[in-house]
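Have a look at the structure below before the remarks.
Numbering (the UniProt record's numbering), first residue to last: 1 to 293.
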């Protein structure tokens with residue numbers, strides 16, 4: 001039993017990281033209806049900015065704060081310069097644009113910082129709590145705490161601020177929001193900036209567990225897509241729940257399903273994506289779209 005609980009704890013820690021990137025995917029989809037395939041690469045680029053700040057001598061938390069500000073501004077800039085010109089274009093056009101952004105950001109990171117692997121500092125202390133034969137690392141607790149903090153701040157933003165209420169109105173009905181005086185264009189840019197900021201948090205959480213290099217978010221993006229699909233692309237809370245479920249499912253499958261092991265764990269999110277799309281396309285917490293004939 002202790003072994004199962006240990007795997008469960010490790011799965012929750014991994015799932016919290018997937019949840020943070022899935023949350024960024026859902027935020028952009030909510031505001032613009034765009035599935036951003038470059039979200040992982042944007043998170044990776046932000047992580048490099050944090051690494052560069054630390055290498056320049058800034059304390060970690062100061063470097064993180066500066067990175068979040070730069071990521072927010074960068075997300076808004078991407079929406080204004082790259083996404084805005086194709087607004088209203090066919091879905092395939094927008095997919096191609098985000099895939100192109102994926103390739104460009106990956107190449108830019110390699111050109112600026114090279115493709116050599118770099119160490120990234122862990123903001124959380126080493127060691128673990130021991131209870132009943134279960135070891136819970138401080139890093140795992142820290143990751144779970146950061147994701148909970150992000151969710152809490154987003155809740156306060158969307159429920160108790162004028163900006164958040166405006167963003168919710170734009171996400172629900174842009175035309176009606178425009179009629180009541182909300183600047184829809186800038187609100188969409190704010191959504192991209194907010195998603196880039198949340199994605200930066202995801203990258204900073206991933207980098208200490210892996211090595212920092214331009215391709216580090218590729219696998220994480222697959223899990224994040226599975227989390228967003230499972231929870232529902234129109235539900236931020238569902239994205240977090242989906243990330244935790246995917247993390248636990250992947251960890252338990254790797255530990256207890258013999259033919260999967262550590263090599264085929266990446267197949268777990270793909271199976272989840274396929275199963276959800278076949279059985280409940282809107283996800284566990286999403287809303288089904290009903291159109292009148």
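By construction, the Cβ of each residue, glycine as well, lies at the ideal position given by its N, Cα and C atoms.
Looking only at its chain, what residues have a beta carbon closer than 6 Å to the beta carbon of residue i, apart from the 5 residues adjacent to it on each side?
i           : result
residue 217 : 40, 43 and 44
residue 37  : 98, 99 and 102
residue 53  : 63 and 66
residue 113 : 48
Compute the Euclidean distance between the alpha carbons of residue i and residue j, then round it to the nearest angstrom.
i           : j           : result
residue 228 : residue 266 : 16 Å
residue 171 : residue 284 : 20 Å
residue 253 : residue 12  : 14 Å
residue 63  : residue 51  : 8 Å
residue 264 : residue 258 : 10 Å
residue 162 : residue 169 : 10 Å
residue 248 : residue 180 : 44 Å
residue 174 : residue 34  : 14 Å
residue 115 : residue 106 : 10 Å
residue 7   : residue 123 : 23 Å
residue 111 : residue 176 : 44 Å
residue 56  : residue 178 : 44 Å
residue 185 : residue 21  : 24 Å
residue 59  : residue 14  : 26 Å
residue 221 : residue 88  : 25 Å
residue 251 : residue 119 : 25 Å
residue 270 : residue 208 : 25 Å
residue 275 : residue 23  : 21 Å
residue 131 : residue 85  : 55 Å
residue 280 : residue 286 : 9 Å
residue 3   : residue 46  : 36 Å
residue 71  : residue 187 : 16 Å
residue 159 : residue 167 : 10 Å
residue 83  : residue 61  : 31 Å
residue 246 : residue 224 : 9 Å
residue 26  : residue 90  : 20 Å
residue 226 : residue 28  : 16 Å
residue 317 : residue 277 : Summary: the structure shown does not reach residue 317, with the chain confined to residues 1 through 293, and so no result is reported for it.
Would you list the residues sitting across from residue i in a DSSP beta bridge?
i           : result
residue 212 : 118
residue 131 : 134
Run through DSSP, which three-state label would residue i get?
i           : result
residue 136 : strand
residue 236 : helix
residue 4   : helix
residue 162 : helix
residue 203 : helix
residue 84  : helix
residue 57  : coil
residue 89  : coil
residue 189 : helix
residue 304 : Past the edges of the chain, shown from 1 to 293, lies residue 304, and the structure says nothing about it.
residue 31  : helix
residue 217 : coil
residue 296 : Not covered by the structure: residue 296. The range shown for the chain is 1 to 293.
residue 173 : coil
residue 36  : coil
residue 194 : helix
residue 124 : coil
residue 266 : coil
residue 52  : helix
residue 260 : coil
residue 45  : helix
residue 283 : coil
Excluding the 5 residues preceding and the 5 following residue i in the sequence, name in chain order all residues of the same chain whose CB lies nearer than 7 Å to its CB.
i           : result
residue 5   : 134
residue 189 : 76, 79 and 80
residue 205 : 17, 20, 143 and 146
residue 136 : 9, 128 and 129
residue 30  : 171 and 234
residue 68  : 197 and 200
residue 125 : 138
How about residue i: is its C-beta nearer than 8 Å to some C-beta of chain C?
i           : result
residue 164 : In the structure shown, chain C cannot be found, because there is only a single protein chain.
Excluding five sequence neighbours on each side, which residues of the same chain lie with their C-beta closer than 8 Å to the C-beta of residue i?
i           : result
residue 117 : 211, 212 and 213
residue 293 : Any reading at residue 293 must be qualified, since the residue scores a pLDDT of 49, below 50, and its modelled position is unreliable; no value is offered.
residue 183 : none
Report task. State whether the region 137-156 contacts the region 235-246, with contact taken as three or more CB pairs (one from each stretch) at a distance under 8 Å. Result -> yes
Query - Segment contact, 8 Å Cβ cut-off, at least three pairs: the region 190-198 with the region 237-255 - result: no
Report task. Specify whether the region 179-194 and the region 68-87 touch according to this definition: at least 3 beta carbon pairs, one from each stretch, less than 8 Å apart. Result -> yes
**Report entry** Segment contact flag, the region 206-221 with the region 85-98, C-beta cutoff 8 Å, min 3 pairs
**Finding:** no
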